[in-house]
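These notes are about the structure you will find just below.
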Amino acid sequence: MRSAEGICIFELQECDFESVMMIIIMLAPLTWIFMPFQRPNIRTLIFTYLIPLIPFILVLDGLISVYRTRSPSHILHLANLATLSLALEGEDKVIGDMDWKWEHGAERHTWPFGRLVWVVGRRDWSDNNGNVTETEAEAEAEEESYSEAEHGI
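Numbering (our numbering), first residue to last: -12 to 140.
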């Protein structure tokens, strides 16, 4: 956060029942379906079909990943802690999250369970009085020119 202009964090799942079901319902059957197309040797076939150790390990790894997924509120909390620690070190001139603007949301990527969660942080270049600095004004003008080009204005 010391030298960054922005940060974007994507999570392809949430720590909820739907993500657990997606891992269990989709990962093991897909392993059984796609294994013959990988030129497997006899050992791989045994540990996929006779003793399903490979599907079990993949599902277990997926469940652990679901458990370790952070929520947007937790990510924002960690970002605020990082900003405060920089302020205490004297690296930042503003205490708190006042110099970063945060947005977050979620979109469905796989029906019916898969959801993409995103968090975007952008450095705010306004000074303490709310005045816009030259860098932010240039960025806003650039955004306007992009939107005009997209809409044919």
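Where is the CB? At the ideal position from N, CA and C, for every residue including glycine.
Distance between residue 87 and residue 102 (C-alpha atoms, nearest Å)
In the sequence shown, residue 102 corresponds to position 115, counting from 1. In the sequence shown, residue 87 corresponds to position 100, counting from 1. C-alpha separation (whole angstroms): 25 Å.
Q.
On the criterion of 16 or more Cβ atoms from any shown chain inside 10 Å, does residue 31 qualify as buried, or is it exposed?
A. Taking the sequence shown and counting its residues from 1, the one referred to as residue 31 is at position 44. Flag for residue 31 reads exposed.
Open item on the list: Going by the DSSP bridge assignment, what does residue 2 pair with across the sheet?
Closed with: In the sequence shown, counting from the first residue as 1, residue 2 sits at position 15. In DSSP, residue 2 forms no bridge with anything.
Notebook entry, point to check: When every heavy atom of the ligand MN is checked, does at least one fall within less than 8 Å of the C-beta of residue -9?
Noted result: This structure does not include the ligand MN; it has no bound ligands of any sort.
Checklist entry - Counting Cβ pairs, one atom from each stretch, are 3 or more of them under 8 Å apart for the stretch 32 to 39 and the stretch -6 to 9? => result no
* Taking buried to mean at least 16 other C-beta atoms within 10 Å of its own C-beta, is residue 100 buried or exposed? -> As a working note, residue 100 is residue 113 in the sequence shown. It is buried - the Cβ of residue 100 has at least 16 other Cβ atoms within 10 Å.
Item to complete: With DSSP as the reference, label residue 56 as helix, strand or coil.
Response: The residue you call residue 56 lines up with position 69 of the sequence shown. Reduced to three states, the DSSP call for residue 56 is coil.
task: Kindly indicate which residue of 33, -1, 75 has the alpha-carbon position closest to the one of residue 98.
output: Counting from 1 along the sequence shown, the entry for residue 98 is found at position 111. Comparing Cα positions, the closest option is -1.
Measure the CB-CB distance between residue 77 and residue 90 and report whether it falls below 9 Å. For this step, residue 77 is matched to residue 90 along the sequence shown. For this step, residue 90 is matched to residue 103 along the sequence shown. Result no, Cβ atoms of residue 77 and residue 90 do not sit closer than 9 Å.
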